[in-house]
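Here the sequence shown stands for residues 257 to 472, numbered as in our numbering. Glycine included, every Cβ here is placed at the ideal spot set by N, Cα and C. Since this is a predicted model, take the numbers as computed values, not measurements. Worksheet for the structure shown next.
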Amino acid sequence: MYERGMRRTAEEAAQTKAALLEAALFQFAEHGVAATKLADVAQRAGLTRGAVYHHFTDKTALYAAVIANSWDSVTAPVWAVLDSDGPVEDRLREFLVAWLRRLREDRHFRALLTITLNASYGPDQPEGISDGRASKSYGLADWLQRLETFLAGKRGGGGSGDGAGRRGTHADDPSGAAAGILAWLCGTALLAATDPDLLPPSDASGVALPLRGALP
């Protein structure tokens, strides 16, 4: 009986924490991190402010937990496209299309990118997070490095081992090409935060411009 009660208490605590993280994600995305109070998060989750403080010491800790809790599960499927088999151009096209599709259809993906870009690199940055770029797990520096590595052909691909996967990469300037793709990713994410209907089509036509800029 005692063990059952302890298990139920642990499950309830986990559910409470999950509800707070979900509420904080959308509260931060809709109203900004700076303007959000912990009481707002508690109210949105249907909980007390004491419940928030039981799990998180302050708003900075809550923000960090939202990012850490969501980043891999929400963004990994999109980035995994770059690591799949096939020609570089096809993988990059599929990645960009998947990015647009998730921005348009997945509110968690859209909200997470909104608070990451705004809070980590803009005026909405929470006090206590001195530089969002210090966190490679969700910073823009990590995105840029992943894209540059991919475009330089260091991720391989094609499965032949003879460099076939590198054919068609922007070998002369992978850094510049990666920066161009990153600018497009950030721009579309911020556009989606304003209105997803403003996004380009989630198909090959919608990604033709960034694809043309990244590959020779």
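Q: Check Phe312 in the structure and name its three-state DSSP category.
A: coil
Q) Leaving out the 5 sequence neighbours to the left and right, which residues in its chain are closer than 6 angstroms to Phe282 when beta-carbon positions are compared? A) In the same chain as Phe282, and ignoring 5 residues on each side of it, the C-beta atoms closer than 6 angstroms to its own belong to Ala367, in chain order.
Q) By the 10 Å Cβ neighbour count, where 16 or more other Cβ atoms means buried, how is Glu361 classified, buried or exposed? A) exposed
(Q) Tell me which residue opens and which closes the alpha helix (DSSP H) that Gly432 is part of. (A) Pro430 to Thr450
Q) So which of Ala301, Ala332, His287 and Ser461 has the shortest CA-CA distance to Ile200? A) With the chain running from 257 to 472 in the structure shown, residue 200 is simply not present.
**Q.** Same chain, Cβ closer than 8 angstroms to Leu455, five either side skipped, listed in chain order
**A.** Leu356, Leu359, Arg360, Thr444, Leu447, Ala448 and Gly462
**Q.** Residues of its chain near Ala298, where Cβ-Cβ distance is below 7 angstroms and the 5 sequence neighbours each way are ignored
**A.** Thr304, Arg305, Ala307 and Val308.
Q. Taking Asp451 as the reference, which of Trp327, Arg363, Asp428 and Ala433 has the closest Cα?
A. Arg363
Q: Determine the direct distance from the alpha carbon of Thr265 to that of Ser458, and round the result to whole angstroms.
A: 44 angstroms
Q: Leaving aside the five residues before and after Leu467 along the sequence, list all residues of the same chain whose C-beta is less than 8 angstroms from its C-beta, in chain order.
A: Glu345, Leu348, Arg349 and Leu352
Q: Determine the burial state of Lys315: buried for a count of at least 16 other Cβ atoms within 10 Å of its Cβ, exposed for fewer.
A: Label assigned to Lys315: buried.
Q.
Our contact map puts Leu403 next to Leu373 with C-beta atoms below 8 angstroms; I'd like the distance itself, whole angstroms only.
A. That belief does not hold up - the Cβ atoms of Leu403 and Leu373 are roughly 16 angstroms apart, past 8 angstroms.
Q) Which residue from Trp440, Leu441 and Ala354 puts its Cα closest to that of Val334? A) Ala354
Q: Starting from the Cα of Asp341, find the closest Cα among Gly409, Leu400, Ala320 and Thr313 and give me that residue.
A: Here the closest residue by C-alpha is Gly409.
Q | C-alpha gap between Leu276 and Val289, whole angstroms | A | 14 angstroms
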